[in-house]
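Q: Dumping the structure here so I can ask a few things about it.
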Amino acid sequence: MTLPPIPLAIVVQEDVPGVWTVPWSFEPAIVIPLLALFAIYTVGTIRRGNLDTLRWRHASFFAGWASLVFALVSPIHELGEQLFSAHMLQHEILILVSAPLISASHPGATCLWAFALPHRSGIGSWVHWVETRRPVRVLTAPLNAWILEAAALWLWHIPFLYQATLRSDWIHAAQHLSFLGTAVLFWSALFGVGRSAMSYGIATLYTFGTAVHCSALGALLTFSRVLWYPAYAVTTAQWGLTPLEDQQLGGVIMWVPSGLVFIVVALALMANWLSESDRRLRLGSVAALLEKEPL
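Count along the sequence shown from 1, then add 60; that gives the number in our numbering.
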C-alpha cells in the first residue's frame, strides 16, 4: 500500500489566496472565556506567589493558553471552515499541544487563589468533598480517560456529526470542548502516574493504544477514495485542492503528528516503567539480603 500523493497546488499556484488574507476570528463565545481564563490564572499567580518554585508550571499554562488562542482565534479557525485539513490541524493543536501543557501546569490551585478568601475556602471545600473527588477519580482513571478520548475522536468524525459542526456554531463549540476536555483528562491521567511500576505499565499500554487508534483514523481518511465530508466540496477549490486531496492531507495531519507524539510519550513511559521495576527489584534483593544477614 502506497501513500496517495499529497498535492502541492496550494503552494505553487499563483491564484491561490494566501493564509494572511484570512481574518482572525474574534467570536465573543471564544474570546471571552479565553480572556477570563487568562485573567483568573494571572491574578491567582500574583496572589499565590512562589513564582520561582512554580515557574515551570506557569510557563506550561501560559504556553498552553497561547496555543488555544492560536487554534481558536488565529486564521486557522476560519480556514477550518473551508479546508478539512486546516480543521484537522486545529484539532491536533488542541489535543497534542494545548491539553498536555495545561494538564502539566496543574492550574486548579493557582486559579483558586484568584478568588477572595471566603469564596476560595468554599470552592476548596467543595473540590475536596468526597462526593466531588469521586467522579474526578473515575474520569481520570487511565482506562476511563482513554475510552472517553477515543470515543470523542471517533464519534465526531462520523460524517453526519462532523458536518453538523460546519452548520452550527453550538455543535462546533461542543466538538472542540469535547476534544479539549477528554484530552485534558487523558493527559492528566498520564501525568498522574509514577506511584508504582504497574501504573507506568498501564499508562504505556494506553498511550500505545492511543497512537494506534489515532493513526488508524488518520490512515482511513488518507487512503479513502470516498469523500467523507461533502460539505467541503464547495470551498476547497479556491485553495488549489480537490475535496478528496484536502481529505487526504487532513488524514496525514492526523496520522503522522499524533502517532509520533504518542509513541514518543509511550517510549518515555516504558523507560520509566523499566527503571522503576529495576529499582524495586534491587530494593527487594537488598531487603532479602538484610533478612539473611542482619546488621
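Glycine is no exception: its CB is placed at the ideal position from the N, C-alpha and C atoms.
Is the beta carbon of residue 264 closer than 7 Å to that of residue 333?
A: yes
Q: Return the chain-ordered list of same chain residues with a C-beta closer than 7 Å to the C-beta of residue 84, the five sequence neighbours on each side being excluded.
A: 133, 134 and 135
Q: If we count Cβ pairs, one from each stretch, closer than 8 Å, do we get three or more for the region 152-164 versus the region 241-252?
A: Counting C-beta pairs with one atom in each stretch, the region 152-164 and the region 241-252 have three or more that are closer than 8 Å, which means they touch.
Q: When the Cα atoms are used, what is the spatial distance from residue 198 to residue 95?
A: As the crow flies, the alpha-carbon of residue 198 is around 30 Å from that of residue 95.
Q: Under a three-way DSSP split, which group does residue 136 fall into?
A: helix
Q: Does the region 315-323 touch the region 273-280, meaning 3 or more C-beta pairs lie closer than 8 Å?
A: yes
Q: So is residue 225 buried or exposed if we call it buried at 16+ other beta carbons inside 10 Å?
A: With at least 16 other beta carbons inside 10 angstroms of its own, residue 225 counts as buried.
Q: Roughly how many whole angstroms lie between the Cα atoms of residue 105 and residue 163?
A: 16 Å
Q: Out of 121, 324 and 128, point me to the one whose CA is closest to residue 237's CA.
A: 128
Q: Please report the distance separating the alpha-carbon of residue 336 from that of residue 115.
A: 28 Å
Q: Give the range of the alpha helix (DSSP H) segment to which residue 217 is assigned.
A: Neither: residue 217 is in no alpha helix (DSSP H) and is coded neither H nor E.
Q: Alpha carbons only, please: which of 259, 282 and 231 is nearest the one belonging to residue 89?
A: 231
Q: Take the Cβ of residue 176 as the centre, count every other Cβ of all protein chains shown within 10 Å, and call the residue buried at 16 or more, exposed below.
A: Flag for residue 176 reads exposed.
Q: Find out if the Cβ-Cβ distance for the pair residue 82, residue 149 is shorter than 7 Å.
A: By the CB criterion at 7 Å, residue 82 and residue 149 fall outside the cutoff.
Q: Alpha helix (DSSP H) containing residue 235: first to last residue?
A: 229-251
Q: Taking only the alpha-carbon atoms, compute the straight-line gap between residue 240 and residue 145 and give it to the nearest angstrom.
A: 18 Å
Q: Taking the alpha helix (DSSP H) that residue 285 falls in, what are its first and last residues?
A: It is not in any alpha helix (DSSP H) - residue 285 carries neither H nor E in the DSSP assignment.
Q: Assign residue 356 to one of three DSSP states: helix, strand, or coil.
A: Only positions 61 to 355 of the chain appear in this structure, which leaves residue 356 out of reach.
Q: Note down the Cα distance separating residue 301 from residue 287, rounded to an integer number of angstroms.
A: 13 Å
Q: Work out the CA separation of residue 234 and residue 86 for me, nearest whole Å.
A: Spanning the two alpha carbons is a distance of roughly 18 Å.
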